[in-house]
Each structure stands twice: as structure tokens, then as C-alpha cells.
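Chemist:
There are 2 protein chains.
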Amino acid sequence: MKALEEKILKDGEVIGTEIVKVDGFINHKIDVRFMDEMGDEFARLFRDAKPSKILTVEASGIAIACSAARSFGYIPVVFAKKAAPNTMTEDAYTAEARSFTKGTVSLLRISKKHIDKGDRVLILDDFLAHGEAGLALCDIVKQAGAEVVGLGAAIEKTYQGGAAKLRKKGITVKSLAAIAKIEDGQITFIKSE
Amino acid sequence: MKALEEKILKDGEVIGTEIVKVDGFINHKIDVRFMDEMGDEFARLFRDAKPSKILTVEASGIAIACSAARSFGYIPVVFAKKAAPNTMTEDAYTAEARSFTKGTVSLLRISKKHIDKGDRVLILDDFLAHGEAGLALCDIVKQAGAEVVGLGAAIEKTYQGGAAKLRKKGITVKSLAAIAKIEDGQITFIKSE
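Protein chains in written order, with the numbering used here: chain A, 1063 to 1255; chain B, 1063 to 1255.
#1: Please list, in chain order, the chain A residues whose beta carbon lies closer than 9 Å to that of ALA1125(B).
#2: Label PHE1104(A) either buried or exposed according to how many other C-beta atoms from any shown protein chain fall within 10 Å of its C-beta, with 16 as the threshold for buried.
#3: Could you name the residues of chain A that HIS1176(B) contacts, counting a contact when the two beta carbons are closer than 9 Å?
#4: Report the rounded CA-to-CA distance for SER1237(B) versus GLY1212(B), giving the unit in angstroms.
#5: By the 10 Å Cβ neighbour count, where 16 or more other Cβ atoms means buried, how is ARG1109(A) classified, buried or exposed?
#6: Any residues in the region 1089 to 1118 of chain A with a beta carbon nearer than 8 Å to a beta carbon of chain B? Which ones, in chain order?
#7: Would you call the CB atoms of ALA1154(A) and GLU1120(A) closer than 8 Å?
#8: For ILE1124(B), which of helix, strand or coil comes out of DSSP?
#9: If I measure Cβ to Cβ from SER1114(B) and keep anything under 7 Å in the same chain, skipping five residues before and after, which residues do I get?
#10: For the ligand SAM, is there a heavy atom less than 7 Å away from the beta-carbon of LYS1175(A)?
#11: Grab me the residues of ILE1088(B)'s own chain with a C-beta within less than 6 Å of its C-beta, minus the 5 sequence neighbours each way, in chain order.
#12: Give me whichever residues DSSP pairs with ASP1187(A) in a beta bridge.
#13: Skipping 5 residues on each side, what residues in its chain have a beta carbon closer than 6 Å to that of ALA1191(B)?
#14: By alpha-carbon positions, which one of ASP1085(A), GLY1196(A), LEU1117(A) ends up nearest to LYS1230(A)?
#15: Counting only Cβ-Cβ distances shorter than 7 Å, please list the residues of the region 1161 to 1195 of chain A near chain B, keeping chain order.
#16: Considering only DSSP beta bridges, list what GLN1248(B) is partnered with.
#17: With GLU1075(A) as the anchor, note down where its beta strand (DSSP E) starts and where it stops.
#18: Looking at the structure shown, is LYS1083(A) part of a helix, part of a strand, or coil, going by DSSP?
#19: Any idea what DSSP makes of GLU1068(B), helix, strand or coil?
#20: On the DSSP bridge assignment, give the partners of SER1173(B) in chain order.
#21: Kindly identify the DSSP beta-bridge partner or partners of PHE1141(B).
#22: Which residue wins for smallest C-alpha separation from THR1163(B), given the options VAL1210(B), GLY1078(B), GLY1101(B)?
#23: Please report the distance separating the alpha-carbon of LYS1174(B) from that of ILE1126(A).
#24: Report yes if the C-beta distance between VAL1139(B) and VAL1094(A) is below 8 Å; otherwise report no.
#25: With 9 Å as the C-beta to C-beta threshold (strictly closer), list the residues of the region 1064 to 1076 of chain B near chain A in chain order.
#26: Please check if any C-beta of chain B sits within less than 8 Å of the C-beta of TYR1296(A).
#27: Mind checking which residues open and close the alpha helix (DSSP H) that includes GLY1193(B)?
#28: The alpha helix (DSSP H) spanning PHE1104(B) covers which residue range?
#29: What does the Cβ neighbour count give for LYS1072(B), buried or exposed, with the cut at 16 atoms within 10 Å?
#30: Can a CB atom of chain B be found closer than 8 Å to the CB of ALA1121(A)?
#31: With distances taken from CA atoms, which of LEU1186(A), VAL1167(A), ARG1160(A), ILE1202(A) is nearest ASP1178(A)?
#32: For LYS1230(A), which three-state DSSP category applies?
#33: What is the DSSP secondary structure of THR1163(B), reduced to helix, strand or coil?
#34: Please compile the residues from chain E whose C-beta is within a distance smaller than 7 Å of the C-beta of ALA1131(B).
#35: Looking at the structure shown, is ALA1198(A) part of a helix, part of a strand, or coil, going by DSSP?
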């Protein structure tokens, strides 16, 4: 998505060779009009997957998931909560996800009543890096007897390998902007669909 | 908002005399179409306040804030992050908020670059109970030299006193559904605007 690549170059902030900060329009301050444009793009990319529900993780996936849900004609959104691994998890599906940036492990938790057997789940998130959150959500969907029909990320950092891991499990992965590398503060994108 | 009262009665879950769970359409699974209706209602209620920005708290305020931002003609949303009180907070405004439900204190944190002096800030959230999050956000807006032009909640629990505390500070407070009491599993609403 050309517009996202341009916005990352204009408003994003590169830290070292690993991190791109987009807290000015995606995950702290939110440009809702731009979220809606990204939502439309996700609806275009995953139209044929015919999702019945969108799954994401709190907090930064919520805005993008809601915009996409509207673009799909108002399908429900469910966001996984991040609990401490020792939190009570009765009647919930859970899976652990490591955050490489924060150096922490959280337990993603979704109430059993919010995923139905037979649901066609599209997983959306702001970032796809090492793929830990995506893999944990796939695990939860499987526990629920539902199907992952695709996984979309606004920004993919291909050099952190998450998409490759997910594709090896048979998941269709698409991102709106895929970063191949960051060098000397310069971002190199991979050509998008 | 009659539609919200009806939805709370239909899909909400009462626990004891204090708690109403709305995780089936607001804060775990999200009914995005209904969020948009609530967003329109916030835009109607606070039209004359002419907000330039909406402030909320992660995670459950984000969806409602984004819907309202669209109804206001796409104004920016900023969500406060909940950090542990010992987290690095360089270049951020912070204020402590106690959660009576969870028995915890979190430090709400907003990057200084995301609130401008002169901003007309509308604070929105899913719940208004004891008012701790609202008061903390008001404190942050004041630190930034901006103005709180209103505070809106989807669901107000009047018996927990938050709105009264905020009004005493001169804040205009409006909610879409105000619960006067819960008794024997029965919810009594206060007539809405």
C-alpha cells in the first residue's frame, strides 16, 4: 500500500536497524481516516477469504481491526487480552506470546464464548515481526475448532521471520507495507501487491 | 441512549450489585456497527464543545474513541498507555489511576508530542465508575496546557460517584446510559438526554 509506505517514511521514526515507531498515526495517536483506508485495503486483500470474524490483540490492533470490520460490512471484532501468565483463565482459550521488543511473555486470553466452532477468522494486527502474537492467536483459533482464513498486518518486518513461520503452518499472510531492511536510518520496502 | 440501555439489558451480564459485564459487544467482542451508533451519539451530545482531539485509555476505550472521531469528521484520537509506575516516562505526561475493580494502580502515560497546547480535548471511555481514569486524564490535559471540553462515557455507574467528582472540577460529563442502581440482578437506568 503505497500510501502507508509514504506515511511511514514521512511520520515514522527509525530506531537502530530493528525498530520503526509509528506512534504518531497508528499505536498511540491514531489517524482514524488513515485507519479506514487501511481497513478498506485489508477488505480488498482478504475479500475472497470471506471472514466471519476478525481477531486481534489489545491494544494497538483494535483500531485497525474495527476499521477493517466496517470495510467487510460490519463483521464482529474480538480482541485477545494480555494477562499475566498466572491470571485466572476459566472459560478462556489461552496461548503464550513472547515480545522480543519488551522481553516479556504474555498470556493471550479470549473468552470461549467469543469464538464459535466454524468461525472463519481473519487475524489482523498493526505489526508482524517475529510472529509470536500471530502464532498464539492461530493456536487459540484451533483450540476453538475454528479456522484461520488469513493473517494481515499493517507493517511487516520481513527480516524478523514471522511471516515465514506462519506460512509454514499453511496460513495466508499479507501485509500493507513490508520492510525488507533498515540500514543507516533508511527503510527498504518490498514491492506490495 | 435507548438502544444502549436495551442492549445492556439484552446482552449485558450483572454480577452482584456493582458490576455490569458488556464484554459481548463493547470490551472484548466488539459490535462495530453499534460502536458507530454510539460514536454518532457522542458527536451529537458534544457537538457544541468543538473538540480538536479525543483522549481515551487503552484498551477498551479505543474502539469507541475511533468511532466518535469519525462522527466528528475525523479528529485525531490519542490513547493513554497503562504503564507500571516504575516504567521510564521520559517526554511523557503521566498521572496515576486506581482501578477499584482490579485493585491496582496504573500510571497513565501520554507522549508529550501528542497533546498540543490549545487542544480542545474530549475524553471518552467505555465506563465511568469512580472516575479515577477520567481525573487522571484531566490532570494530563492540564499538564499539557490544553483544555478538557467534555467527558463522555458509554456507561455511567452513578452510584460510584465518578461523575460527581468530575463535575465538581467544572467538567461537563455526559453518558449514553446511566445506571442508578443494580438490585437483585435488576438494572435501573436514569432517564437520558
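C-beta: ideal position from N, C-alpha, C; glycine also.
Modeler: To lay it out plainly:
#1: Here the question's residue 1125(B) lines up with position 63 in the second sequence. In chain order: ILE1124, ALA1125, ALA1127, CYS1128, VAL1139, PHE1141.
#2: Start at 1 with the first residue of the first sequence, and residue 1104(A) comes out as number 42. By the neighbour-count rule (16 or more Cβ atoms within 10 Å), PHE1104(A) is buried.
#3: Against the second sequence, residue 1176(B) aligns to sequence position 114. Residues of chain A passing the Cβ test: ASP1085, GLY1086, HIS1090, LYS1091.
#4: Taking the first residue of the second sequence as 1, we reach residue 1237(B) at position 175. Taking the first residue of the second sequence as 1, we reach residue 1212(B) at position 150. Taking the straight line joining both Cα atoms gives about 11 Å.
#5: Here residue 1109(A) refers to the residue found at position 47 when the first sequence is read from its first residue. Per the 10 Å Cβ criterion, exposed.
#6: Here the close residues are HIS1090, LYS1091, ILE1092, ASP1093, VAL1094, ARG1095, MET1097, ASP1098.
#7: Start at 1 with the first residue of the first sequence, and residue 1154(A) comes out as number 92. Start at 1 with the first residue of the first sequence, and residue 1120(A) comes out as number 58. Not in contact: ALA1154(A) and GLU1120(A) (Cβ atoms no closer than 8 Å).
#8: By 1-based counting over the second sequence, the position of residue 1124(B) is 62. Note: ILE1124(B) maps to helix in three-state DSSP.
#9: Along the second sequence, one-based indexing puts residue 1114(B) at 52. Cβ within range, chain order: ILE1137, ASP1181, ARG1182.
#10: For the ligand SAM, the structure offers nothing, since it holds no ligand at all.
#11: The residue labelled residue 1088(B) in the question sits at position 26 within the second sequence. Closer than 6 Å at Cβ, skipping near neighbours: ASP1188.
#12: Along the first sequence, one-based indexing puts residue 1187(A) at 125. Paired residue(s): ALA1215(A).
#13: Here residue 1191(B) corresponds to residue number 129 of the second sequence, with the count starting at 1. Result list for ALA1191(B): LYS1219, GLN1222, GLY1224, in chain order.
#14: Position 168 of the first sequence, counting from 1, holds the residue named residue 1230(A). Per the Cα distances, GLY1196(A).
#15: Of all residues in the region 1161 to 1195 of chain A, SER1173, HIS1176 have a Cβ within less than 7 Å of some Cβ in chain B.
#16: As a first step, residue 1248(B) must be located in the second sequence, where it is residue number 186. For GLN1248(B), the beta-bridge partners assigned by DSSP are GLU1245(B).
#17: Along the first sequence, one-based indexing puts residue 1075(A) at 13. Residues 1075 to 1077.
#18: Taking the first residue of the first sequence as position 1, residue 1083(A) is located at position 21. If DSSP states are grouped into helix, strand and coil, LYS1083(A) belongs with the strands.
#19: Taking the first residue of the second sequence as 1, we reach residue 1068(B) at position 6. Correct three-state label for GLU1068(B): helix.
#20: Here residue 1173(B) refers to the residue found at position 111 when the second sequence is read from its first residue. Note: SER1173(B) sits in a beta bridge opposite ALA1154(B).
#21: Taking the second sequence and counting its residues from 1, one reaches residue 1141(B) at position 79. The partner list for PHE1141(B) (beta bridge, DSSP) reads THR1118(B).
#22: Taking the first residue of the second sequence as 1, we reach residue 1163(B) at position 101. Considering only alpha carbons, the answer is GLY1078(B).
#23: Locating residue 1174(B) in the second sequence gives position 112, counting from the first residue. Locating residue 1126(A) in the first sequence gives position 64, counting from the first residue. A straight line joining the alpha-carbon of LYS1174(B) with that of ILE1126(A) spans about 23 Å.
#24: Counting from one through the second sequence, the residue named residue 1139(B) turns up at place 77. Counting from one through the first sequence, the residue named residue 1094(A) turns up at place 32. Yes, they are a contact pair.
#25: none
#26: Chain A is shown only over 1063 to 1255; residue 1296(A) falls outside these bounds and no answer can be derived.
#27: On the second sequence, position 131 is the one that residue 1193(B) refers to. Premise fails: GLY1193(B) is in no alpha helix (DSSP H) and is neither H nor E.
#28: Reading the second sequence from its first residue, position 42 is the one you call residue 1104(B). 1094 to 1107 is the span of the alpha helix (DSSP H), which, as asked, contains PHE1104(B).
#29: As a position in the second sequence, residue 1072(B) is number 10, starting the count at 1. With fewer than 16 other Cβ atoms within 10 Å, it is exposed.
#30: The residue given as residue 1121(A) occupies position 59 in the first sequence. ALA1121(A) counts as touching chain B.
#31: Locating residue 1178(A) in the first sequence gives position 116, counting from the first residue. The shortest Cα separation from ASP1178(A) among LEU1186(A), VAL1167(A), ARG1160(A), ILE1202(A) belongs to ILE1202(A).
#32: The sequence position of residue 1230(A) within the first sequence is 168, counting from 1. It is helical.
#33: Position 101 of the second sequence, counted from the start, is the residue given in the question as residue 1163(B). If DSSP states are grouped into helix, strand and coil, THR1163(B) belongs with coil.
#34: Absence of chain E from the displayed structure is noted, the protein chains being A and B.
#35: Here residue 1198(A) refers to the residue found at position 136 when the first sequence is read from its first residue. Helix, per DSSP.
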